[in-house]
Structure formats: structure tokens, C-alpha cells
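In what follows, a structure is listed as C-alpha cells, so that the remarks can point back to it.
Residue numbers (the numbering used here): 5 to 111.
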């Protein structure tokens, strides 16, 4: 689904609300964007597990978040392309490319 920029946040929020009992990985372009979306969604208190995985975190913390997310039956993982580098997320229902990557190879 391609969404106009002005509708992106509302469409994303609606999607998450209607798929809250599923496992979703959301790729965004920057660590700052991961942090923004994480804090915004946390404030909405949507009632599902929410995780952030990005390059500004220490390796140990990233691995703990990765394993926790893998063990869950549902939840949302907001991440940069760091999570696309050799990590396997079992039983993911949806992968959302929230932002367009800087390079085609990232796809």
C-alpha cells in the first residue's frame, strides 16, 4: 500500500489498531524516527507490546529486544535497517516499510 505523506501517520495508526494481535516489523529510515514513533505510540497506550531496535542502542540491549520480540506471539517492532542485516524474526505477520530507504540495495 502506498500512502500520501500527509496521510501516512493516520493510516499507520489505523493499521496498527486493526492488527494489534499480530506480529509487525516496521522499518523506518533513521534512529530519530524510530524514537519518535516509539514515544508517540507509547503515549497512545494501544495495549500491545511495543519495541524499538536501532543503532544508537548498545549491542547487548539490541539483542535482548530481538530475543524478547521473537518470543512474543504479537507486538510491534520499530526498527532501522540494522534489523534487516542477518536477523530472522519468526512468525511475523506484517512487514511495513514506513520510510523509503536511502539506497535501492537496502530493499
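We put the CB at the ideal spot given by N, CA and C, even for glycine. Keep in mind it's a predicted model, so treat the numbers as computed, not measured.
Asked, Found
"Given residue 42 as reference, the closest of 94, 79, 97 and 25 once Cα atoms are compared", "79"
"Pairwise C-alpha distance: residue 64 and residue 100", "25 Å"
"Sheet register partners of residue 31 (DSSP bridge)", "83 and 101"
"Stretch-stretch touch, CB-based, cutoff 8 Å, three pairs: the region 64–77 with the region 9–19", "no"
"Candidates 29, 56 and 36: closest to residue 93 by CA position", "29"
"Run of the alpha helix (DSSP H) containing residue 17, from where it starts to where it stops", "12–22"
"Beta-carbon gap between residue 83 and residue 38 smaller than 8 Å", "yes"
"Nearest neighbour of residue 33, chosen from 16, 96 and 85 [CA to CA]", "85"
"Proximity of residue 16 and residue 102 at Cβ, strictly below 8 Å", "yes"
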